[in-house]
Amino acid sequence: MAGAGRGWPPGAMSDEDSSEAEDIAEAIELLEEVGGIDDLNAAAAAAEDEDGHRFVEPEGEIVRLQLMLDRNAYDYNSHLALIKIMRDESDFALPVARQNMSEIFPLTEGMWLDWLKDEIRKPRETDREKIYELFERAVKDYICPQIWLEYAQYSMGAIGQEGGIARVRAILERAIIEVGLHVTKGAAIWETYREFENAILATMQPALDSVATPEQQQNIKAQLQKIHSLYRRQLGIPLMDMESTFMEYEFWTDEPIPHTVRQNYTRALRQLEKYKPYEDALLIAEAPKLAEYEAYIDFEMKIGDPARIQLIYERALNENCLVPDLWTRYTQYLDRQLRVRSLVLPAHERAVRNCPWTVKLWSHYLMALERHRVDHEVISETFENSLKPGFAQATDYVEIWQAYLDYHRRRVDFTQDSSKELEELRSTFARALNYLKQDVEERFNESGDPSCTIMQAWARIEARLCNNMQKARELWDLIMVKGNSKYANMWLEYYNLERAHGDTLHCRKALYRAVQFTQDYPQQVCDMLLTLERNEGTLEDWDAAVERTETRLARAKEQRAKAAAKAAALAKQEEEKANRRKQAQAQAQKKALQMAQYPRAGNKREADRDGEWMEDEEGFKKPKWDVNLGWITEEEQQEQDARELERNIELEVELGLFGKKDAPKVLHDSKKEGFTVFVSNLPYLMGKPEKKLRRLFAKCGEVAEVRPIFTNKGSFRGYAYVEFKDERSALQAFELDRTLVGGRPMFVSPYVDKSKNPDSKVFKYSTNLELHKLFISGLPFSCTKEDLEELCKGHGNVKDVRLVTNRAGKPKGLAYVEFENEEQASQALLTMDGLTVKDHVIHAAISNPPSRKSPEKPEPQSQMPSSRKAPRRRRKRRTQLVMVPRALQRQNNPANNGTLQNPPAKPSPSGEWPKKMTNADFAKMLLHK
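Be aware that the sequence shown starts at 1, since it is given in the numbering used here, and climbs by one per residue.
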């Protein structure tokens, strides 16, 4: 059964289908009660075959999408998916789904054309008026020349009916007004209009063997004048290919073209030359062409033709309907310049339907409704609709409530002691405060109005306009209780209100409370209290105020002294930490120079490497903190390993540790940089790496050579160089980056000479602020990419999902989700932050990785005399034991570059050389004999 689900109108399904729909609805409600709705979503979700094709059960998918829309009617993507699957399955409830979406969102040109064509194909002539209504709704959403052409063509099918010709002419006249000025597409409307009138003219011609009556001649003459008028009107407008229209007019008419028509045509040609650069820019630009449209709008604004300005705005909005700033500029232009109700209010309505999350558009819409004196019920309904989609910030709700409260205040006649409007204003204030406290604070964990601006406005209205200071004082007490009593400016605002509309007694009380509670600027309120008592108080009042202010200022001075001492102690601690960091950095630089000068070789490199990594709380390995380089990323560690590997292999070749058979091939050839990629993080136990890598990279292009790197014992080091026949294949190889090979993500990076470019780093992912991408943390380790994509796709069009893993390919509980645009990411952030996934509370934020610190280069030491650095002497093997106790070993000689060789013995002052000790002498010494 297709189309089952809740929310369909009565009569839309047969009795059998209705019964089945009720059964499905009951099952859904039961799953909701027991918490198994996720199982329903998982069961209804699409599966994929080996080729990536999705196959779903249409009925289950329709039920799932309808359920999501019941929860959130503003889920744009679910509307699209529901309409698509219903259209593919020829579902009978498709018109209802389209109707539901069109009531909330404006439909695109393609969606309207599909809907209209589906309705026109139905063999029901009695529904022609309904199709006319659909066309009328379609042309109101956007300026679409194609829809106007379809509208005119469809209306021509009813010419034989009464009033059919007049209706077609009316539609074509409206089309000319709406899109007839369109530089590139307007000519099609004019041409359709002329062809229609020419067709009517052909029906007026008398038969070949008859003579037209005077009445027929009069009708023919009138029809010719209409066609002349269409030609002349069109030739006065700058349109593309207008030269051919002029030639067509010359060929068609038997009369000479009037001089004024030629002048208008010449003027339009000159105007067309000015418009062509902007039209050419739009032609070659890529969507959404916002910058090109803005330049075009500025050009039209300088000319000042209202019709053309309105048209270019509409063209820009047709391709940038989700840009709130563009809607704001358009509606402000209509409000300030045209001020025509029939143009202003529909534009505001379309603006909030396209961008319902933008509070500024809703506020401007409410003011436009009030400006054009729309009924109070309509304005109230519009305000209620503004709260449904949901705003991105708590402060947005404060702003929309303020706009609505301002409207209510302007309705009240405060010359009357009481009125219906005044009671509505007070009840609206109370409702606003309750809404912000319950709904907004629960959703955002913040009030959005910490300064209580709405409550302040209410108090000022009660004091200034209603002469009700008692109510104003009650409101200010609530304001101070909400954490504002520590701010001097809040107390001064209250004092000024009492000063203007209260009495001296309450002014004095307010200032005394201010002196007691103010924490930021107590001196300010103390001065205000002393000024009040100096001007209006008695001597006793002055003495009491002086005593109170001196006590308060002394306490404030003591608090500042403690804060200063604490700040000084913290500064000293930070200075000590900085000094320690400098010392550690100097030691690290010294160690780095030693490592660079005397690299480790052989298996010692692999053994020491294990000490450079530590395990985090979740058992995964991560790089230790390096005071010189900061946290070492995967790419940086990869480059360091590769650089040190090359130095070690070169050293081993020089020392003769490789035989001719085992010697590695030349590591770097600058001529092959564009054809070669560096592959790392491969499993060390990979058997036959050359053969496997050749087969793996064969899909990118023809592989010329694979050069895996081995140790001197023949074990694979996990690195290799893959050389291709052409550069295009090497570029395609980068797409295999992070591919799992033996359970580890393989890193594919450019082939760069590190000796010449030691700082060369290639990061695959952006480290800048990305407003269209979310960073999600706290995910369970069992969460897969498909699970996360399924979780996110209900909030927008997901372009990519990337799970962050360590070098071993194990997940870290982090992920990046890329959406199609910033608005979808913002909407997803609101619902996904704090969401529970498999008993894990996840956190979402806009992707903004911290800036990477480039490592500081250590100062180079003096160069060795030899062009090639002397290799470090290898230490003794563990089997070569030293029988001398450590306590008796002499200190290393610095001149010997840190080796264990002792300096030669020296004779005593008497000239005797020291006697060598035997094993028995050592035993006596150790046993203290």
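Note that beta-carbon positions come from the ideal geometry of N, C-alpha and C, so glycine has one too. Note that the structure is predicted; figures quoted are calculated from it, not measured.
Between Gly809, Glu790 and Asn806, which has its C-alpha nearest Asp800's C-alpha?
Glu790
Where Glu558 sits in the DSSP three-state scheme
In the three-state scheme derived from DSSP, where H, G and I count as helix and E and B as strand, Glu558 is classed as helix.
Apart from the five residues just before and just after Ala212, which ones in its own chain have a Cβ nearer than 6 Å to its Cβ?
Answer for Ala212: Pro206, listed in chain order.
Could you tell me whether the Cβ atoms of Tyr719 and Ser749 are closer together than 8 Å?
no
By the three-class DSSP mapping on this structure, what secondary structure does Arg339 have?
coil
Taking only runs of the beta strand (DSSP E) that begin and end inside the stretch 204 to 279, which ones reach a length of at least 3 residues, in chain order?
Within the stretch 204 to 279, no complete beta strand (DSSP E) run reaches 3 residues.
Check the DSSP bridge columns for Met746 and list the partner residues they point to.
Thr739
Taking the CB atoms as reference points, tell me whether Ile200 and Gln216 lie closer together than 8 Å.
no
Please return the same chain residues whose Cβ sits closer than 7 Å to the Cβ of Lys508, not counting the five positions on each side in sequence.
It is Arg, not Lys, that sits at residue 508 in the sequence shown. Correct list, in chain order: Leu532.
Residue environment, Trp252, which counts as buried when at least 16 other CB atoms sit within 10 Å
exposed
Pairwise C-alpha distance: Gly390 and Val481
29 Å
Compare the C-alpha of Gly186 against each of Asp114, Ile120, Asn354 and Ile312 and name the closest.
Ile312
Whose C-alpha, out of Thr805, Ala815 and Val722, is nearest the C-alpha of Arg695?
Val722
Can you tell me whether Ala844 is helix, strand or coil according to DSSP?
Strand at Ala844.
Neighbour-count burial assignment, Ile85, 16 or more Cβ in a 10 Å radius
buried
Terminal residues of the continuous alpha helix (DSSP H) containing Ala720?
That residue, Ala720, is in no alpha helix (DSSP H); its beta strand (DSSP E) goes Phe716 to Phe724.
If the criterion is Cβ atoms closer than 8 Å, does the pair Leu497 and Ala463 meet it?
yes
What is the C-beta distance between Phe716 and Pro689, in whole angstroms, given that I count them as a contact (C-beta under 8 Å)?
5 Å
Taking the C-alpha atoms as reference points, what is the distance between Ala698 and Asp737?
15 Å
Thinking just about the alpha-carbon of each residue, which of His372, Glu399 and Glu575 is nearest to the one in Phe383?
Closest by alpha carbon: Glu399.
With 16 as the cutoff for other CB atoms within 10 Å, does Asn919 come out buried or exposed?
exposed
Below 8 Å on the Cβ atoms is my guess for Ala825 versus Leu771; work out the distance and round it to an integer in Å.
6 Å
At which residue ranges does the stretch 302 to 370 contain complete alpha helix (DSSP H) runs of 4 or more residues, listed in the order of the chain?
306 to 319, 324 to 333 and 341 to 354
CB-CB under 8 Å to Ile120, same chain, minus the five flanking residues each way: which ones, in chain order?
Ile131 and Tyr154
Based on DSSP bridge pairs, tell me the residues matched to Ala815.
Ile776 and Leu803
Applying the 10 Å Cβ sphere with the 16-neighbour rule, what's the burial state of Ala43?
Confidence is the limiting factor: at Ala43 the pLDDT is only 40, short of 50, which leaves the residue's position unreliable, though a coordinate-based value still follows. So Ala43 counts as exposed.
Can you name, in chain order, every residue of its own chain whose Cβ lies under 7 Å from the Cβ of Cys452, other than the five neighbours on each side?
Ile479, Lys482 and Asn484
Can you tell me which of the three DSSP states Glu705 falls into?
strand
Among Gly164, Pro123 and Ser102, which one has its Cα closest to the Cα of Ala138?
Ser102
Classify Val168 as helix, strand or coil using the three-state DSSP reduction.
helix
Confirm the yes/no value for this check: CB of Ile461, any heavy atom of the ligand PLP, distance under 7 Å.
In the structure on display, the ligand PLP does not appear, and there are no ligands present to speak of.
At which residues does the beta strand (DSSP E) containing Thr676 begin and terminate?
Thr676 to Ser680
Between Lys289 and Asp325, what straight-line distance do the alpha-carbon atoms span, to the nearest angstrom?
Distance between the alpha carbons of Lys289 and Asp325: 15 Å.
Look at the alpha carbon of Asn712 and the alpha carbon of Cys783, and state the distance between them as a whole number of angstroms.
Each residue's Cα considered, the two are about 41 Å apart.
Coarse secondary structure for Leu835, derived from DSSP in three states:
coil
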